[in-house]
Amino acid sequence: MHHLIKLKGKKYMPKFFGHYLLEQDLLTKEQLLKAISYQRSKSEKLGDLAIKKGFLTKNEVAKIRREQLRTDMMFGELAVRMNYLTPEQIKELLTIQESSHIFLGEAIIELGFLSKEQLEAELEKFRQEELTESLELAMPENIPNRLFLTVLNDLAVKLFRRVADIQIKGASPKTEQYYTLNPYLISLSQITGDINGKCALKLTRNVAIFLAQQFTHNDALTDEELIGDAVGEFLNILCGNTASKLVTSGTTIEVHSPTAIWSDKNDMLQFDKDEFATVFPFFTSEGFAELLFISRTI
Amino acid sequence: MSQGQKRRVLVVDESRSVVMLLENILSGSEYEVAGHARNREEALFKYEELKPELVTVDLILPDMDGIKTIKDLLNKDDKARIIVMSSVGSVPRKLTEALEAGAKNIILKPFDQSKVISAFNKAFKE
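First to last, the sequence lines map onto chains A and B. Counted from 1, the first sequence has number 197 at position 197 by the numbering used here; the numbering is strictly sequential. So the number in the numbering used here is just where the residue sits in the second sequence, counting from 1, plus 1000.
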């Protein structure tokens, strides 16, 4: 009889923990895939549960699954969009599914790849690594996309330190409308999905050059195209890591390739008339920088 | 591979700065960057041209997603050693798909020298 192993009473397992274990050489690729497959086999699919409950027919489930292959969307979300199920029905099915669900860590233990003690120790290390460090300022309660901005901001501080050894002192966020001035380089990345807008890193010359040199481990880097590329890749990693963290809260976003905007060609970045930017000023030892999120007014 | 000869790596990534970073962190190791491809088409061409011992693939590429690139490279050469490099902006499911498609390992961005070398070494052990 399947016996659920509870890990220190915690209900939540970060979704990238498996890949963390792989990276740390604690699991082989084959073991990780086997554990994921085992985990999936224990969890009843939403479509099958919907048939059992009489919410959907087999044909309807097949139609949604075909659409899933085409769109790569989640079953529940598609079922609601296609008007086959209501959000309330999805909620009911998810509750049933959760009761039979096992976490990846539990699968790893059940398959004998790691002991419970080993896994819990690694989970603790992983959580410590993943802990976001908040700036000393508090994020205003009524700020739109609050969770996204909190994660983005916290990760920016962490990545500036980790990637470029730049210490950041932040200030309270502010709002800008119509345009923002370009001091040297603005790297801009479109975000789509559950949150839509543009992330931007606005850097003075010294900060951009320093960041690019640190990122590429090349102290002599002065080529502007490479500087733009490196800053863009930094922004890509920042937004990508933000997207990953948000997945665990049920928010899905896509990050698009960044664009470099140089001050000698565009000394300001203009917004559309219904757009505004939430701006996080950063003071660094190399100079001034800003992290912006540009979105439409609700 | 003869003694003293480095293992050659093809880097498939839109960003040149990632290539530069890899060149610098691999300097002094038994690996070297042999080539750079910015998209799937270039990756297939350069793989044929360079016959590298190892390939790194970013999951997000401009023309086609990285998983298709992995599959196409393995169709070309089923012994190709492919390692995914990702900023994890992709859905976690995609990382699993990449492994199922035949990638040997995953390196999450931002990466450091020890993780890269360790992942590269592992790819040759199998």
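Built from N, CA and C at the ideal position, the CB exists for glycine as well.
Residue i: which of the options sits nearest, CA to CA?
i, options, result
"R65/A", "L123/A, D48/A and K53/A", "D48/A"
"D274/A", "E176/A, L292/A and P183/A", "E176/A"
"Q214/A", "R1007/B, Q1005/B and L1021/B", "L1021/B"
"L46/A", "F210/A, K125/A and E77/A", "E77/A"
"K53/A", "V247/A, Q89/A and I253/A", "Q89/A"
"V61/A", "F75/A, R70/A and T71/A", "F75/A"
"R1038/B", "S1118/B, R1093/B and I1060/B", "I1060/B"
"D1112/B", "S1087/B, V1012/B and I1025/B", "I1025/B"
"N1075/B", "S1027/B, A1043/B and V1011/B", "A1043/B"
"T192/A", "P144/A, K245/A and V255/A", "V255/A"
"M139/A", "L185/A, K174/A and R162/A", "K174/A"
"S1114/B", "A260/A, Q24/A, I96/A and L226/A", "Q24/A"
"T259/A", "D229/A, G250/A and P144/A", "D229/A"
"L201/A", "G250/A, L111/A and A289/A", "A289/A"
"A1101/B", "E1048/B, S1029/B and V1084/B", "V1084/B"
"G240/A", "N142/A, K58/A, Q39/A and F148/A", "F148/A"
"K198/A", "L94/A, E286/A, S187/A and V247/A", "S187/A"
Mind listing the chain B neighbours of residue i? Cutoff is C-beta to C-beta under 7 Å, in chain order.
i, result
"R162/A", "P1110"
"F215/A", "S1017 and L1021"
"I36/A", "T1096"
"E233/A", "S1015, S1017 and V1018"
"N218/A", "M1020 and N1024"
Since residue i meets chain A, which of its residues come closer than 8 Å, beta carbon to beta carbon?
i, result
"S1118/B", "D25"
"K1115/B", "E23"
"I1106/B", "H19, L22 and E23"
Under three-state DSSP, which class holds residue i?
i, result
"Q68/A", "helix"
"L27/A", "coil"
"S43/A", "coil"
"G193/A", "strand"
"L327/A", "A query on residue 327/A cannot be resolved here, the shown segment of chain A reaching from 1 to 298 and no further."
"T297/A", "coil"
"S1114/B", "helix"
"S37/A", "helix"
"F1124/B", "helix"
"T132/A", "Residue placement at T132/A is flagged as unreliable, the pLDDT there being 46, under the threshold of 50; the coordinate-derived value follows with that caveat. The answer is coil: DSSP assigns T132/A none of H, G, I, E or B."
"N1105/B", "strand"
"L1054/B", "strand"
"I108/A", "helix"
"I1070/B", "helix"
"S99/A", "helix"
Anything in chain A within Cβ reach of residue i, meaning under 7 Å, just list it in chain order.
i, result
"R1016/B", "L226 and D229"
"K1079/B", "Neighbours of K1079/B on chain A: none; closest Cβ ~16 Å, over 7 Å."
"E1100/B", "L33"
For a contact meaning CB atoms closer than 8 Å, what does residue i contact in chain B?
i, result
"S41/A", "In chain order: nothing, as chain B lies at least about 15 Å away."
"A212/A", "S1017"
What does residue i touch in chain B if you count any residue whose Cβ is under 9 Å from its own?
i, result
"L291/A", "Within chain B, no residue comes near L291/A; the closest Cβ sits about 17 Å away, beyond 9 Å."
Who are the neighbours of residue i on chain A, taking C-beta pairs under 9 Å?
i, result
"I1067/B", "Those within 9 Å of I1067/B in chain A number zero; the least Cβ separation is about 11 Å."
Segments of 3+ residues assigned as beta strand (DSSP E) that fall wholly inside the region 227–290 of chain A: 253–255, 259–262, 268–270 and 275–284
Three-pair Cβ contact test at 8 Å for the region 169–183 of chain A versus the region 281–288 of chain A: yes
Stretch-stretch touch, CB-based, cutoff 8 Å, three pairs: the region 1053–1069 of chain B with the region 1097–1109 of chain B: yes
Interfacial residues, the region 1006–1035 of chain B to chain E, with Cβ spacing under 8 Å: Annotation note: the requested chain E is absent from the structure, which comprises protein chains A and B.
Alpha helix (DSSP H) segments (min. 4 residues) lying fully within the region 1001–1048 of chain B: 1016–1026
Every unbroken beta strand (DSSP E) inside the region 47–97 of chain A [3 residues or more]: none
In chain order, each alpha helix (DSSP H) run of at least 4 residues that lies wholly inside the region 147–222 of chain A: 205–216
Cβ pair count under 8 Å reaching 3, the region 154–166 of chain A against the region 202–212 of chain A: At 8 Å Cβ cutoff, the stretches touch.
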